[in-house]
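Step one of this worksheet: look at the structure below.
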Amino acid sequence: MKKNENEVRKIMLKVRMNESELQQVKKHQQKSTEKNISAYVREVAMQKPVLINYRNQSADDFLKDMLALKKDLNGIGNNFNQVVHKLHILDKIPEFRAWVSHYDGLHQSLVSKVDEIKLRMNQLYEEWLQK
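Numbered by the numbering used here, the letters in the sequence shown go through residues 986 to 1116 in order.
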């Protein structure tokens, strides 16, 4: 689908600024919903309203914690899958016993991480209820 002739931006406008001014513009752009500096500067120059992102710090902290826990759980899950695969192809009893004990350690690690997730979620739930 072709853009209307008025919608195509063919004209380039160059603006000179020093490093501190550029950093300030970048800082304002990052706080906004605009994806790049060009779009942000265009909106400001045309005196159009610029939407500012609202950041909920507790939600950001929650997301950061959950991503770290997800990474840990993914690693544990991968190790668990490797253990199960190995158990299926083993044919020697002593090696089988070693893998079973290793499985028990992974199982305990998995259970503790799941409990940690539940505890953190309950803490955040209580924190959000107080607001």
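From the three backbone atoms N, C-alpha and C, an ideal C-beta is built for every residue, glycine too.
Collapsing the DSSP output to three states places residue 1037 in a strand.
Judged by beta-carbon spacing, residue 1086 lies beyond the 8 Å limit of residue 1061, meaning their Cβ atoms are not closer than that value.
Taking a contact as a CB-CB distance under 8 Å, the pair residue 1005 and residue 1036 does not count as one, their CB atoms being some 25 Å apart.
Per DSSP, residue 1026 is one residue of the alpha helix (DSSP H) stretching across 1022-1030. Taking C-beta atoms under 8 Å as the contact rule, residue 1025 and residue 1014 qualify, at a distance of about 4 Å.
Taking the C-beta atoms as reference points, residue 1058 is found nearer than 8 Å to residue 1098.
Exclusion of the five residues before and after residue 1065 leaves 1091 as the residues of its chain whose Cβ lies within less than 6 Å of its Cβ.
Just so you know, the alpha carbons of residue 1043 and residue 1100 end up roughly 20 Å apart. When DSSP assignments are scanned along the segment 1057-1111, no uninterrupted stretch of beta strand (DSSP E) that is 3 or more residues long falls wholly within it.
Under DSSP, the beta-bridge partners assigned to residue 1017 are 1037. In the three-state reduction of the DSSP assignment, residue 1051 falls in the helix class, which pools H, G and I. Between the beta-carbon of residue 1010 and that of residue 1022 there is about 6 Å, and that keeps the pair under the 8 Å contact cut.
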